[in-house]
Amino acid sequence: MKDLQLIGFKEQHLHSMQDYLNALQMILTISRKTEYLDNYVAPIVADWPGQLFIRKALTHLHALGLQSAIPKEIESFIPMLGPLHLSLNSREHVMIIHHSFFEQMFHFVFGKNKKLAKKPKPWRINLLLELARSGWVKIKNEVMQKFGSTCKDVEYRTVIDLLDNLIPATLDVYAVLFRSGSFEEYVETVFRIWTFALRWKRKNYNKAPLIFLSDLFYWQDNHHPFADAIKNYLPCFNDYYVENTHSQIRANTSSNATAETIIKQAYVIADHDPIFKDTFRKTRNYSYNLSTLKFLSDKTSLFLLNYFRNIFHNQNNSTPLYNNTRKKEKKLRGYKLATLGKEVDLRHLPTAYSTSYLPKSGLCDNCGLPLNNNGVVLACGHGYHPVCYGRRCVYCENFYKKGIFENVNSFLKRVEKGTDTLIQDDLDDEINEEEEEESEETADEEIDVSATLEAAINNINYW
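Numbering of the sequence shown is given in our numbering, commencing with residue 1 and proceeding in unit increments.
(1) Which class does E437 belong to by DSSP, given the choice of helix, strand or coil?
(2) I want to know whether the segment 152–167 touches the segment 70–80 - three or more CB-CB distances under 8 Å.
(3) In three-state DSSP terms, what is D420?
(4) Would you say the segment 299–307 touches the segment 453–461, given that touching needs at least three Cβ pairs under 8 Å?
(5) Between M17 and the rest of its own chain, which residues show a CB-CB distance below 7 Å, the 5 nearest in sequence each way excluded?
(6) Can you name the start and end residues of the beta strand (DSSP E) that D298 belongs to?
(7) With hydrogens ignored, establish whether the beta-carbon of F110 is closer than 7 Å to any heavy atom of the ligand FAD.
(8) For L116, does the three-state DSSP call read helix, strand or coil?
(9) So, with DSSP's three-state summary, where would you put K10?
(10) Using 10 angstroms around the beta-carbon of R250, count the other beta-carbons present and answer buried if the total reaches 16, otherwise exposed.
(11) Inspect the beta-carbon positions of P83 and V173 and report whether they are closer than 8 Å.
(12) Does the pairing of the segment 312–322 with the segment 287–299 give three or more beta-carbon distances under 8 Å?
(13) Given Y186, which residues of its chain have a CB within under 8 Å of its CB, disregarding the five upstream and five downstream residues?
(14) Looking at the structure shown, is R202 part of a helix, part of a strand, or coil, going by DSSP?
(15) Beta-carbon within less than 6 Å of L81's beta-carbon, same chain only, minus the 5 sequence neighbours each way: which residues are those?
(16) Measuring only the C-alpha atoms, how far is N222 from Q51?
(17) First and last residue of the alpha helix (DSSP H) that includes G375?
(18) To test your reading of the DSSP string, which unbroken alpha helix (DSSP H) runs of 4 or more residues are found completely within the segment 11–85?
(19) Using a Cβ-Cβ cut-off of 7 Å (strictly less than) and excluding sequence neighbours within five positions of P359, which residues of its own chain qualify?
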């Protein structure tokens, strides 16, 4: 943060293309004096409205040319996907979609009287996701060996998808891959998170990653120097600095603060002399030390073992749910999961259940013959014999191709012909009520559960 330079802080709604043009004028005013943008480009790592309206302004400029009222200098701005936004939003959505599962885990680890908000604060989401991952790693091999490589039980595949696919991708895309500059892995994970957004029917993030990937592939195909710049300096294209500044301002101002007060506070925070800031800044300490985290992780492993044991005994007991339709073919809308005890829609299930071909229990989804032990079930939920696989799942591939086509066309229509202000379709239908601020959860009395965990792992063979 010490290299961050605040060049202006302005009250702005940022609900329209003109709002973003007004904001960019602060940079253009400086550039006209320094002529900086005459020789350089300025990447704008932005959230969804920022990407939408800056691209919309560029589209209008290119379409109208000299007749456009939009300043030509905005051609120097390159709107880009915000990796931190991508990570935070996808983690939050994992928690919202699978809230019933995490609520059971939360009660087991922290106590039945604890309450997990429908939309927890980011730090709590991170804690629960990290506990789920660390708890799963300790028991993964034994659990998967017990179920075997060809188990297609819908609830088992759903929890495996959560623990082995959703959680690692959303936790690592920013904190590990982006910040370490692991370019190829980062790009692959951006696409993977797009596949999550597609089945979740996210209105923004089923488009934003595709736009980033389209730009990147265009630069690579045309040997544009910006492709090498992103690859070699990936961690520099970061929205953390802006988001961190916003968080500091929110933490150090009241909800009733005037725009003038907020602007003054922004300049105080941007001052690199720490003495004045440290005197008045609110500070918080993270209450979980390494021993506590290990204890919580072990308890999470115990929860997962109990959960998978119940799934093992409930195999094939989950009930499919169909839409009421007069057509001969019933359309799947979800399942009532036997162990979870809840009805869930297709967003909760692996990708296979959103495709035109649903997985067939115990059978190869290509030839239709029994899988037996000569086969494997993929992360998507479809299963194949090795000779039937062909290194791709054709059903999920077609689902993704259709999703790319529809969402790219939707975005192009929005940019070229849509209104210049935010509309309802630009907003995700999500829970807006975040939990109230409170202290960190304290676990029940910390006792050594490692012996209990070891015994539970050894007991898997007797399920």
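In this text, a Cβ means the ideal position worked out from N, Cα and C, and glycines have one as well.
A quick look at the data gives this:
(1) With a pLDDT of only 47 at E437, under 50, the local geometry of the prediction cannot be trusted, and no value is derived from it.
(2) no
(3) coil
(4) yes
(5) F53, K56, A57, D420
(6) Counting along the chain, D298 falls outside any beta strand (DSSP E), though it belongs to the alpha helix (DSSP H) covering 290–313.
(7) With respect to small molecules bound, the structure shown includes none, and the ligand FAD cannot be examined in it.
(8) coil
(9) coil
(10) exposed
(11) yes
(12) no
(13) P83, V173, L177, F178, L234
(14) coil
(15) A208, F212
(16) 22 Å
(17) Unbroken run through G375: none, as it is neither H nor E.
(18) 17–34, 48–64
(19) K152, A352, D365, G381, H382, G383
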